[in-house]
Structure formats: C-alpha cells, structure tokens
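Counted from 1, the sequence shown has number 120 at position 119 by my numbering; the numbering is strictly sequential. No residue lacks a Cβ here, since even glycine has one placed at the ideal position from N, Cα and C. Since we're looking at a predicted model, the values are computed, not measured. Here is the structure we will look at.
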Amino acid sequence: MPLTIPPDATAAALAHPQIEEFRQGPFAACWTDDALARDPPIVLECQHGLIIDSLTQALHYWHRHRTRFGHPRRVRALQPTDPLHPARLVSVLDDASPSRQRFLARQRQQLPAPEQLSLPLDAASDPHLHEG
Numbered sequence: 002m003p004l005t006i007p008p009d010a011t012a013a014a015l016a017h018p019q020i021e022e023f024r025q026g027p028f029a030a031c032w033t034d035d036a037l038a039r040d041p042p043i044v045l046e047c048q049h050g051l052i053i054d055s056l057t058q059a060l061h062y063w064h065r066h067r068t069r070f071g072h073p074r075r076v077r078a079l080q081p082t083d084p085l086h087p088a089r090l091v092s093v094l095d096d097a098s099p100s101r102q103r104f105l106a107r108q109r110q111q112l113p114a115p116e117q118l119s120l121p122l123d124a125a126s127d128p129h130l131h132e133g
C-alpha cells in the first residue's frame with residue numbers, strides 16, 4: 002500500500018481545533034493556508050503507535066525509529082482529537098508496544114516499592130527536619 006497524503010488532509014487540518022491557536026502563536030508562518038495545502042499534517046499509523054507531522058517528516062522519523070514503531074500501516078487525515086504541537090513532531094506509542102513495555106519495566110526497577118519507602122511520622126523522627 003503506498004503511503005500518500007489523503008485527499009482530505011488539508012481540510013481536516015484546517016478543521017482541527019488547535020490550528021487556529023497555532024496561527025496566532027510564534028510559529029504562525031508554519032500554519033498558513035499555503036503551508037497547510039503544500040504539506041498538511043497527517044497521522045502515520047504504525048504497528049505500535051502513531052506519528053503526527055507532515056508525511057515527509059513522519060516518514061523520516063519512522064525511518065530513524067522503525068524498530069520502536071513497527072511497520073507503517075496507513076496514512077490518515079487528522080482527527081479533532083489528535084494531539085498536535087505547534088513546532089514539533091508528535092509520536093504516541095501504544096501501551097502494548099514492546100518499546101513502551103521496556104520503558105515501563107525500567108521505570109519500575111528505578112522506583113522503590115511503596116512498602117520500601119519509610120516516611121517519618123513527625124519532625125522529631127527525622128534528623129533532617131527541625132524547627133527553626
């Protein structure tokens with residue numbers, strides 16, 4: 002399946018609720034009608050997540066991180082609930098993706114279990130806390 006820009010991508014971008022805010026901000030030149038018609042933001046759906054940006058930038062990012070996202074499945078137009086950033090690519094990993102699972106496992110290893118945390122009951126039991 003070819004990865005091409007959907008015909009309704011420009012109209013979907015113009016209808017996105019955050020685009021009007023971006024047109025008033027410091028990156029307004031990126032969000033003009035001409036810029037959106039030339040290179041509209043799209044959603045690249047991959048096996049393990051989404052990449053949201055222009056098709057060129059999304060494919061470039063996917064190429065650098067293809068083991069994290071898996072195979073690209075399709076390109077679709079923006080939906081009103083898709084997250085956007087005025088100047089940066091947005092990537093979202095599925096909760097079940099192997100890369101996200103490894104990240105969560107590393108976080109669990111770094112954080113002590115709640116029962117291992119010992120919290121002082123009052124200032125008298127903690128030498129670092131004192132009234133003064």
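Cβ-Cβ separation between R101 and L90: approximately 17 Å, too far for a contact (criterion under 8 Å). With a cutoff of 7 Å on beta-carbon distance, D9 and A78 are scored as near each other. Within the region 24-71, the complete beta strand (DSSP E) runs of at least 3 residues fall at 42-47, 50-55.
Between the beta-carbon of S92 and that of G50 there is about 6 Å, and that keeps the pair under the 8 Å contact cut. In the structure shown, S98 falls within a coil segment according to DSSP collapsed to helix, strand and coil. Looking at the DSSP output, R77 shares a beta bridge with V44. Distance from the CA atom of L4 to the CA atom of R75, rounded to whole angstroms, is 6 Å.
A direct Cα-Cα distance of roughly 37 Å separates A29 from Q108.
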